[in-house]
Structure formats: structure tokens, C-alpha cells
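**Student:** Residue numbers (this note's numbering), protein chains in the order written: chain P, 138 to 553; chain W, 1378 to 1425.
1. How far does the beta strand (DSSP E) with residue 1398/W in it extend, from its first residue to its last?
2. So the candidates are 193/P, 389/P, 435/P, 432/P; which of them puts its Cα closest to the Cα of residue 415/P?
3. Out of 548/P, 145/P, 248/P, point me to the one whose CA is closest to residue 306/P's CA.
4. Taking 8 Å as the cut-off, does the region 314-333 of chain P touch the region 200-208 of chain P (at least 3 CB pairs, one atom from each stretch)?
5. Quick check on the DSSP output: the beta strand (DSSP E) that includes residue 542/P runs from which residue to which?
6. What residues from chain P crowd round residue 1399/W, counting only those whose CB sits closer than 7 Å?
7. Could you list which residues in chain P have their beta carbon closer than 9 Å to that of residue 1394/W, in chain order?
8. Going by the beta-carbon positions, is the gap between residue 498/P and residue 433/P smaller than 8 Å?
9. Residue ranges of each beta strand (DSSP E) run of no fewer than 3 residues wholly in the region 230-262 of chain P, ordered along the chain?
10. Quick one, which of 428/P, 154/P, 167/P, 236/P has its alpha-carbon nearest residue 321/P's?
11. What are the residues of the region 195-221 of chain P that lie near chain W, defined by any Cβ-Cβ distance shorter than 7 Å?
12. Spatial neighbours of residue 339/P within its chain, please: CB distance less than 8 Å, with the 5 preceding and 5 following residues excluded, ordered by chain position.
13. At 4 residues or longer, and completely inside the region 454-510 of chain P: list those alpha helix (DSSP H) runs for me, N to C.
14. Using a cut-off of 8 Å between C-beta atoms, extract the partners of residue 483/P located in chain W.
15. Do residue 440/P and residue 453/P count as a contact pair if the criterion is CB distance below 8 Å?
16. Using the C-alpha atoms, what's the distance from residue 276/P back to residue 421/P?
17. Can a CB atom of chain W be found closer than 8 Å to the CB of residue 346/P?
18. How about residue 279/P and residue 217/P: do their beta carbons lie closer than 8 Å?
19. Consider the Cβ of residue 548/P: report whether some Cβ of chain W lies at a distance smaller than 8 Å.
20. Residues in its own chain within less than 7 Å of residue 365/P by CB, not counting five upstream and five downstream?
21. Report yes or no: is there a C-beta of chain W within less than 8 Å of the C-beta of residue 427/P?
22. Just to confirm my understanding: we take residue 341/P, look at its own chain, exclude 5 residues before and 5 after, and list those with CB closer than 6 Å. What are they?
23. Does any residue of chain W bring its CB to less than 8 Å from the CB of residue 373/P?
24. Say whether the region 373-392 of chain P touches the region 451-471 of chain P, bearing in mind that this needs 3 or more beta-carbon pairs closer than 8 Å, one atom from each stretch.
25. Could you check where the alpha helix (DSSP H) with residue 333/P kicks off and where it finishes?
26. Please report the distance separating the alpha-carbon of residue 232/P from that of residue 324/P.
27. Counting only Cβ pairs nearer than 8 Å, list the residues of chain W close to residue 244/P.
28. Locate the alpha helix (DSSP H) running through residue 369/P, then write down its first and last residues.
29. Would you call the region 392-412 of chain P and the region 483-499 of chain P touching, i.e. three or more CB-CB distances under 8 Å?
30. Please list the partners that residue 367/P has in chain W, where partner means a Cβ-to-Cβ separation under 7 Å.
31. So the candidates are 165/P, 158/P, 159/P, 160/P; which of them puts its Cα closest to the Cα of residue 151/P?
32. Taking only beta-carbon positions, decide if residue 420/P is within less than 8 Å of chain W.
33. Around the Cβ of residue 246/P, are there at least 16 other Cβ atoms within 10 angstroms (buried) or fewer (exposed)?
34. Would residue 527/P pass as an interface residue toward chain W - the criterion being a Cβ-Cβ separation below 8 Å?
35. I'd like the list of long-range same chain contacts for residue 153/P, defined as Cβ closer than 6 Å, with 5 residues on each side in sequence excluded.
36. So what does DSSP say about residue 341/P, is it helix, strand or coil?
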């Protein structure tokens, strides 16, 4: 390939090599990033910048062989639409002209500008004996960064409207900007081939797939059918359906309740608060403890579900605690006068519900009896019931359902 | 319908089936059987 010519940047005074001299109209100085017009004998400054801060996956000036032809990277663009950020590299060969390399979501495509325009309507076009169907919606795109040289005037902030048509792995891209229409044929090219040809600055890739294989994060700038909305709708529908189904599977409900008194600094022996019946093969049993108002006390509770037929006991524990005080930040409180305990996987049967417990003061237990000879007690209403669903499991399901679409959403917008 | 959406739908159905199986058998990651409360009262308030 022939060498270029050197010019001096009027903004920073740095030397710049024009690689496609005679073809290049626009050039971004690799030293300061200023945009220059090099179509005239005298270099004209279009816009001054202080730093060429944008980094790209391919270095301008690199030469390599793609599809059996040698190309030089002469320009680079960073572009975006509503859902994707990608990079485009202008390749130049003095005998073959210009080509494109595009990278988005870790996938590369080789672009050839079309001189013969496809024929058709907005949904289907015909080109060189092949039918292409429209892929997704029209996407407004914008250029966010420019580096290197171009055969047309380009700058950050340029916009275009892109439409894609697909047949097999080949995509035709139609871009309309300022009344000018450009068509490009895009074919996939393996990243290894690009890396072997030009070397790859992986840290500057616009984004990569989160995972290969199952996580089919679709490729290419706006070339996907945008299914993210459907994913969110599906996740919402499944979440709602699961809430209803889990509530139905949790029933039927039986409940019993009773009040107990626990002396502060003392304990009570097991008290039977009632009987509940598990009518399904397995059910959750929940026990709620509601206490009267107290401060700086805690109550340890032990619950026993005793199966009437087998006399086997299923045990669980509960805690009600509430503290209050003042510090340099002011008054504070901590804890709750309410405590929930859930038994899982309780088999069908009739159960007597027993509760025992002890109450204590913080930081130390108060005197067992006060000056009037009475003992401080904490009153608790204990309610045991069947038929509750596990909201924790439902929220876990919701988290798992939304993890994928939310990850895709984050991935798309993480660079913006 | 994209391949990715089909895979996601399959994942959703697998998660839903797992959740319903757990609900039918009253399994929960969050049940308190045999668990002593981790914030047992003798620790007192965490406010300093």
C-alpha cells in the first residue's frame, strides 16, 4: 500500500499522517482530537479540541488482512442508538477503496458500501437475486466520537436514521442522513481474524456479551429484534401468575391464638395456645407474636408443634425485642414489638401449639419485683396459622425472573 | 421471536415450575425451623 502525506495540525502543531491522501476530506488530529478539513491545499481547522481522549478497539494506522485483502484502519467512529453503543472503523486500500468494520456486543461485521441500491419497500428489499426482510424498527443513530480521517465530513453529534434488512447472516444497512441515502452490506467476521489482522485493544471494546452460549446477547448495531420489552412483560406475567398460584397452593387456612404473659427476668413453662390442622400434604405454619409496648427488653420464644397422632414435636424459635435511647445524634429506637416465625414443610396432621419463653432487660434484668411488690411482665398475643405463602420465595422468584432482562438493560446503557 | 426470547421463556417456565413445586411442598429458604434467631436479644441493640 502507498504511504500517506504528512500535514501539521493548525490547532496543536502536531504532525499528522494523511493515509488516504487525495480521498480524505475530514480528519481528526490524533494528538489533540481537533477536526480538520484536508480537502483543500491549506488545512482548515473545523473544530478545536484539547485532547484526543477517545479510545477505540482498533488503533488507527494498523494494517491487516481481512477476507484475503490488506486494509489499513484510517478512521474510527463511536456511535449509538437507543439500545446499543458500537464502534465503526473505516478501512482503506488504495486499489479497492473503503470498507467498514463494526463491533457491537463483542461481535464483528465487515461492511462493504453498495453502489447498486437494493429495490423494494420499507419491509422487504431485493438485492443481487436475494430477498431481504426488515429487521426491527428504524433506529435514529448518532455519532458520539470521531478519530482519524474520512472521505466525507463527519463530526460528533451527526445523526442518521438506520434500517436493517436481513437474509441469512447477511445484513443490508440503510442509513439516511441529510437526504443522503447510503447502503452497506454487512457480513459477520470472526473476532479472532480481526485480532490476528490488526491486534485488539480489548479494554476499549464498546461492550461484550455477558456470556457466550445460552446468553445469546444478539449482535451488531441495532441489528437485533428488540425483545427486551417482551422479556419484561413475560417476567411480570410469570410473577403475577406465581403469586396467585403460590397463594392457592398455600391454603386452606386454620388459625388459633392466645395471650401469654412473660415475666421480665424470668421464664414461663410451655403453654398450649391452641390447635391447628394442616389439611394439605405439606403446608407452612406461621406464628406471629405481638407484644405490648415495652422498651429495652427482649423476649426469647420457643414454639413446639406437637403432632397429636405421633406425639412428635417440630420446634422453632422467635424473638421480640425493642430498644430505645438517646445518643449525640438524638433519640433512636431499634427492633420491633412484633415477631414472625415460619415453619416450613409441615406434614398433614393436627397439631397442638405450645409456646414457652423468657424475657430480659437490657443492659441488665430489672429487679424481679418493684417497690409495690409486683412483677414486670410482657404481654404477648400469639397467633398460629396455616395457609400462609412464603413471600420470601416469591421475591426470590421475582429477582431470578428479572435478573436476565435487567442485566441486558444495564449492559446496553452502561457506557452511556 | 428471537432465540434469546425463547431461551428466556424456557428459563421463566423452569423457575415457575421450581417455585410451584416448592410452594406445593411448603419448602422455603426463609423458614425458621430449628433456627435460633440470629439477632438474639442478649446482644442488645446494635445502635452505638
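Don't be surprised by glycine CBs; every beta carbon is placed ideally from N, CA and C.
**Tutor:** Here's the rundown:
1. Here residue 1398/W belongs to no beta strand (DSSP E); instead the alpha helix (DSSP H) covers 1380-1401.
2. Here the closest residue by C-alpha is 389/P.
3. Looking at the Cα atoms, 248/P is the closest of the given residues.
4. Yes: the two stretches touch, three or more of their Cβ pairs being nearer than 8 Å.
5. Run containing residue 542/P: none in the beta strand (DSSP E); it sits in the alpha helix (DSSP H), 528-550.
6. From the beta-carbon of residue 1399/W, the residues of chain P found nearer than 7 Å are 530.
7. Against residue 1394/W, chain P offers no close residue; the least beta-carbon distance is about 10 Å (beta-carbon pairs closer than 9 Å).
8. The Cβ atoms of residue 498/P and residue 433/P lie closer than 8 Å to each other.
9. The qualifying runs are 234-241, 244-250.
10. Residue 236/P is the option with its Cα nearest to residue 321/P.
11. Residues: none.
12. So the list reads 194, once near-sequence residues are dropped.
13. Look at the region 454-510 of chain P and you find no whole run of alpha helix (DSSP H) that is 4 residues long or longer.
14. Result: 1403.
15. The Cβ-Cβ distance between residue 453/P and residue 440/P falls below 8 Å.
16. A direct Cα-Cα distance of roughly 51 Å separates residue 421/P from residue 276/P.
17. Low confidence applies here, because residue 346/P scores a pLDDT of 41, under 50, leaving its location unreliable and the question unanswered by this model.
18. Yes, they are a contact pair.
19. No - not a single Cβ of chain W is within 8 Å of the one on residue 548/P.
20. Only residues of its own chain outside the window of five on either side were considered, and among them 542, 545, 546 have a CB closer than 7 Å to the CB of residue 365/P, listed in chain order.
21. Answer no: the Cβ-Cβ gap between residue 427/P and chain W never drops below 8 Å.
22. So the qualifying residues of the chain are 192, 193, 194.
23. With its beta carbon at least 8 Å from every one in chain W, residue 373/P lies outside the interface.
24. No: fewer than three Cβ pairs fall under 8 Å.
25. Per DSSP, the continuous alpha helix (DSSP H) segment holding residue 333/P begins and ends at 328-335.
26. Computed Cα separation, rounded: 21 Å.
27. Around residue 244/P, no beta-carbon contact reaches into chain W at under 8 Å, the shortest distance being about 13 Å.
28. Membership of residue 369/P in the alpha helix (DSSP H) is indicated by the continuous run 365-387.
29. The region 392-412 of chain P, when compared against the region 483-499 of chain P, does touch it at the 8 Å Cβ threshold.
30. The answer, in chain order, is 1382.
31. Out of 165/P, 158/P, 159/P, 160/P, the CA that lies nearest to the CA of residue 151/P is found in 165/P.
32. Among the residues facing chain W, residue 420/P is included, as its CB has a counterpart in that chain under 8 Å away.
33. Per the 10 Å Cβ criterion, buried.
34. For residue 527/P, the answer is yes, since a Cβ of chain W falls inside 8 Å of its Cβ.
35. The beta carbon of residue 153/P is closer than 6 Å to those of 144, 146, 166 in its chain, skipping five residues each way along the sequence.
36. Looking at residue 341/P - three-state DSSP - the assignment turns out to be helix.
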